[in-house]
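*Asks:*
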Amino acid sequence: MQKLLTSKEVAGMLDVSESTLSRWREAGTGPRFANLDGIIRYAQGDVIAYAEGKRA
(Lines of atoms letter the chains of each structure in order from A; the text may use other names.)
(Lines give C-alpha, C1' and ligand atoms only; values in the text may rest on other atoms or scores of the structure.)
Protein backbone atom coordinates (compact mmCIF):
# COMPACT_ATOMS: atom_id res chain seq x y z
CA MET A 19 0.00 0.00 0.00
CA GLN A 20 1.28 3.44 -0.91
CA LYS A 21 1.96 6.06 1.70
CA LEU A 22 -0.76 8.71 1.88
CA LEU A 23 0.42 12.29 2.17
CA THR A 24 -1.22 15.39 3.62
CA SER A 25 -1.69 18.59 1.66
CA LYS A 26 1.10 20.15 3.71
CA GLU A 27 3.53 17.37 2.75
CA VAL A 28 2.58 17.57 -0.93
CA ALA A 29 2.89 21.35 -0.96
CA GLY A 30 6.42 20.98 0.37
CA MET A 31 7.32 18.35 -2.21
CA LEU A 32 6.00 20.46 -5.10
CA ASP A 33 7.18 23.80 -3.69
CA VAL A 34 3.70 25.35 -3.80
CA SER A 35 1.34 26.61 -1.12
CA GLU A 36 -1.51 24.59 0.33
CA SER A 37 -3.92 27.14 -1.15
CA THR A 38 -2.46 26.43 -4.60
CA LEU A 39 -3.18 22.73 -4.06
CA SER A 40 -6.73 23.64 -3.07
CA ARG A 41 -7.18 25.67 -6.27
CA TRP A 42 -5.79 22.79 -8.32
CA ARG A 43 -8.28 20.40 -6.71
CA GLU A 44 -11.18 22.73 -7.51
CA ALA A 45 -9.95 23.14 -11.10
CA GLY A 46 -9.37 19.41 -11.58
CA THR A 47 -5.65 19.87 -12.17
CA GLY A 48 -2.64 18.88 -10.10
CA PRO A 49 -1.90 15.46 -8.65
CA ARG A 50 -4.71 12.96 -8.12
CA PHE A 51 -6.16 13.05 -4.60
CA ALA A 52 -8.67 11.25 -2.42
CA ASN A 53 -11.32 12.87 -0.25
CA LEU A 54 -11.77 10.54 2.71
CA ASP A 55 -14.81 11.91 4.58
CA GLY A 56 -13.55 15.47 4.16
CA ILE A 57 -9.88 14.59 4.72
CA ILE A 58 -7.72 15.18 1.63
CA ARG A 59 -4.88 12.74 1.01
CA TYR A 60 -2.52 12.13 -1.89
CA ALA A 61 -0.85 8.82 -2.77
CA GLN A 62 2.90 9.35 -2.78
CA GLY A 63 3.28 7.62 -6.16
CA ASP A 64 0.72 9.96 -7.76
CA VAL A 65 2.55 13.02 -6.46
CA ILE A 66 5.89 11.74 -7.75
CA ALA A 67 4.37 10.92 -11.15
CA TYR A 68 2.82 14.40 -11.32
CA ALA A 69 6.12 16.08 -10.43
CA GLU A 70 8.04 14.02 -12.99
CA GLY A 71 5.47 14.86 -15.67
CA LYS A 72 5.86 18.57 -14.95
CA ARG A 73 9.64 18.36 -15.43
CA ALA A 74 9.39 16.63 -18.81
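Quick note, in this note's numbering, the sequence shown goes up one by one and the last residue is 74.
A virtual CB, placed ideally from N, CA and C, is assigned to each residue, including glycine.
(1) Quick one: residues in its chain with C-beta nearer than 8 Å to the C-beta of Ala67, no 5 flanking neighbours on either side, listed in chain order?
(2) Taking the Cβ atom as the reference point for each residue, do Gln62 and Lys21 lie within a distance shorter than 7 Å?
(3) Just mark Leu54 as buried or exposed, buried being the case when its beta carbon has 16 or more other beta carbons within 10 Å.
(4) Please indicate yes or no: does the CB of Arg50 lie closer than 6 Å to some heavy atom of the ligand ADP?
*Replies:* Let's see:
(1) Pro49
(2) yes
(3) exposed
(4) You won't find the ligand ADP in this model; it holds no ligand whatsoever.
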